[in-house]
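See structure below.
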Amino acid sequence: MKAVAIKFLNITGMRWGIPLVKLFSGEQVLQQLKEIGKTIVAPILAIIGFLLIWSFFASQITTSLGRLPGPVAVWQQAQSLWQEHLVERKKADEFYARQEDRNAKRRAENPGAKISTVEFTGKPTYIDQIITSLKTVFMGFTIASLIALPIGVICGLSKTVMKAFNPLIQIFKPVSPLAWLPIVTMIVSAVYVTNNGFFAKSFIISAITVSLCSLWATLINTALGVSSVNIDYINVAKVLQLSPTKKTFKILLPATLPLIFTGLRISLGVGWMVLIASEMLAQNPGLGKFIWDEFQNGSSHSLARIMVAVFTIGIIGFILDRVMVELQKLVSFEKASL
Amino acid sequence: MIMSEVIAMQEPEEKTISEKIMLDIRNLTKIYPVRGGDYTVLENLQLNILKEEFISIIGHSGCGKSTLLTMIAGLNCISGGQILLDGIPITKPGPDRGVVFQSPSLFPWMTAMENVLLGVEQVFPHATKNDRINICKYYLDKVGLENAFHKKASELSQGMQQRVGIARAFALKPKILLLDEPFGMLDSLTRAELQNVLLEVWNKEKITAIMITHDVDESIFLADRVIMMTSGPKAQIGDVLKIPFERPRIRKEVIEHSDYYHYRRHLINFLEH
């Protein structure tokens, strides 16, 4: 029981819970209390301190949208966003129920009648926007990985290719998403001309911008990993006269996997950070657009809602990072590497 | 040269010497380019190794022992002279020379079995999958890993990993076995254990072997001849000592043999001067 609980806490990244579990099972009580002081009490104190300072300054600053919201106002807005989501979902459910009713009646009256179904067109709720943002970032991340991994491997295998690509990598790596966006917008508008395609234009523009900014970390880490594989492994491959494909897939890639995952993890982090800016400008209906709309909207709740978005972005970013760390641990062959 | 004399005296039997030679090193030279000129590690080195002979090479650190071995393995290019393996000049690495490296160099994401199998697949491409697995099992069994076939290499201790390394080299059925201080990183108890394992497998297979070592006792216990290399630069073969103890050897008998300390003193004298 205790071992299971500890394993669960370890995997979910909630290591701070381990001393609690040990305390309840009565293991070295004094030491566990010390550990709890360090890992639970101290962070809680820091958070309380932050909330106090925040609410103090919030009460001092008055903006054109009214008083700067403190923690309480932000919490209220978080709840109201959730309520709005529930209301909107209920509306949608009712809409579909009515439509189904209507269609059933029509079918009963005249079996040959043409039945049309209509999509519910309510405005996207906050939760919908979060989901759109996640979809966009994963799309961008996937595109980035599909480009960066093969090029990274090739760069790692050949010093010449690496030298050839290096200037381009160094020049494009620091470019901001805001600079890419107009270019991507124009290109996508020119190339992707359907009006009822599977993806919305704004979605594709945001996703591509995300990949342009996030692919570099994966590319560089993969290249570094492949080029610095343990020389003994390479020697064994030479002695066994492995074919290039066998060498790549049986030795180079497995040996590089931990570094590749470090790159992927950084890429996903960068992608998530860049996403908000590109959604704002591309009007992709995700968290970025939510913030932009609230800013334009300028109601007395707007600032508090934007702050809810800030915390949402932070927490989701943190969760994504944890997921990547755990994946990295799964593929890592060196036990002590993390 | 001392070498050829030794061979001529010791091998007057039926076959001619050239037929019995597995490895023929002629005028071997190795030059590393360094800043401000060239550094000659080995110069005009001559050495013949007979079929089914176990050779150990001993010398100070940096004298070029490892350079010599990696050149035989084909992992290090030759600056001058040539190396003939069974009459054919060596140009590149290949599985006809099984190498056991100082660090076990197993692939940690593979099991013990997969590590050995990787080489066996290369050497016996036409064998059935079952046959290949049986070859791996046979050698893993021989090195005492019958209970660790499917353990990940990263879960094995250093000593166990080196056992897999030995099994991997033997399973290739190489013409020659190259051992580059394979036990250098192990504690002395494990080292003695692995020397026994190595000798046991070797007694069955009788694969020509060259082993580099720092350890005087190890070289006497394992080898038919101990090659002593002078310190670099321009390292040469300084002396050769024949160890005529009967095989199969038992450690206790070897150590208690009346000649043992004579050989030991000979080697230590060489190393200290």
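Order-wise, the sequence lines are chains A and B. For the working numbering, count along the first sequence from 1 and bump the result up by 75. For the working numbering, count along the second sequence from 1 and bump the result up by 1. In this text, a Cβ means the ideal position worked out from N, Cα and C, and glycines have one as well.
- In the displayed model, B/D216 falls within coil according to three-state DSSP, outside both helix and strand.
- Relative to the Cα of B/Y264, the nearest Cα in the group B/I251, B/K253, B/H274, B/I244 belongs to B/I244.
- Distance from the CA of A/W255 to the CA of A/F278, rounded to the nearest whole angstrom, comes to 15 Å.
- Beta-bridge partners assigned by DSSP to B/D181: B/I213.
- Residue-level contact check: B/A74 touches chain A, since one or more beta carbons of chain A fall below 8 Å from its beta carbon.
- Identification of chain B residues near A/I326 by a Cβ-Cβ cut-off of 8 Å yields F108, ordered along the chain.
- Per DSSP, reduced to three states, the secondary structure at A/R380 is helical.
- Nearest Cα to B/A113 within the set B/I251, B/H267, B/I167, B/S189: B/I167.
- Chain order gives the chain A residues near B/V100 as V314, where near means a beta carbon separation below 7 Å.
- Taking every protein chain shown into account, the CB of B/G88 has fewer than 16 other CB atoms within 10 angstroms, so this residue is exposed.
- Runs of alpha helix (DSSP H) with 4 or more residues, each lying fully within the segment 135 to 190 of chain A, are found at 146 to 184, listed in chain order.
- Excluding residues up to 5 positions away in sequence, P105, L107, A154 lie with their Cβ nearer than 7 Å to the Cβ of B/Q162 in the same chain.
- Bounds of the beta strand (DSSP E) holding B/L86 are 81 to 86.
- A Cβ of chain A is located within less than 8 Å of the beta carbon of B/Q123.
- Nearest C-alpha to A/L161 among A/G197, A/V193, A/I246: A/G197.
- With respect to the 8 Å criterion, B/I58 and B/I211 are classified as neighbours on the basis of their beta carbons.
- Boundaries of the beta strand (DSSP E) around B/V227: 226 to 230.
- Around the Cβ of A/Q371, a 10 Å sphere holds fewer than 16 other Cβ atoms; the residue is exposed.
- For A/T284, the enclosing alpha helix (DSSP H) has its first and last residue at 276 to 302.
- At least one CB atom of chain B sits nearer than 8 Å to the CB of A/V311.
- Contact between the segment 190 to 209 of chain A and the segment 258 to 271 of chain A is not established, with fewer than three Cβ pairs separated by less than 8 Å.
- Here B/E53 is not near B/T214, since their CB atoms are 8 Å or more apart.
- The beta strand (DSSP E) runs of length 3 or more contained entirely in the segment 211 to 284 of chain A do not exist; there are none.
- DSSP places B/R133 in the uninterrupted alpha helix (DSSP H) bounded by 130 to 143.
- With contacts defined as CB atoms closer than 8 Å, A/L350 and A/S251 fail to qualify as a contacting pair.
- As the crow flies, the alpha-carbon of B/L157 is around 24 Å from that of A/N85.
- For B/I50, the closest of B/A224, B/A172, B/P109 by C-alpha to C-alpha distance is B/A224.
- Counting other Cβ atoms within 10 Å of its Cβ, A/K113 stays below 16 and is therefore classed as exposed.
- A/V285 sits away from A/T337, with the two beta carbons spaced by 8 Å or more.
- Among the residues facing chain B, A/P319 is not included, as its CB has no counterpart in that chain under 8 Å away.
- Approximately 5 Å separates the beta-carbon atoms of A/T293 and A/L339; this is inside 8 Å, confirming the contact.
- Not a single C-beta of chain A is nearer than 8 Å to the C-beta of B/L268.
- Taken atom to atom, the span from the alpha-carbon of A/R397 to that of A/G389 is near 12 Å.
- Contact annotation: B/L199 and B/G160 have beta-carbon atoms that are not nearer than 8 Å.
- Non-local C-beta neighbours of B/G99 in its own chain, meaning closer than 6 Å and more than five positions away in sequence, comprise A170, L173, P175, L178, ordered along the chain.
- Between A/G361 and A/G392, the gap from beta carbon to beta carbon reaches 8 Å or more.
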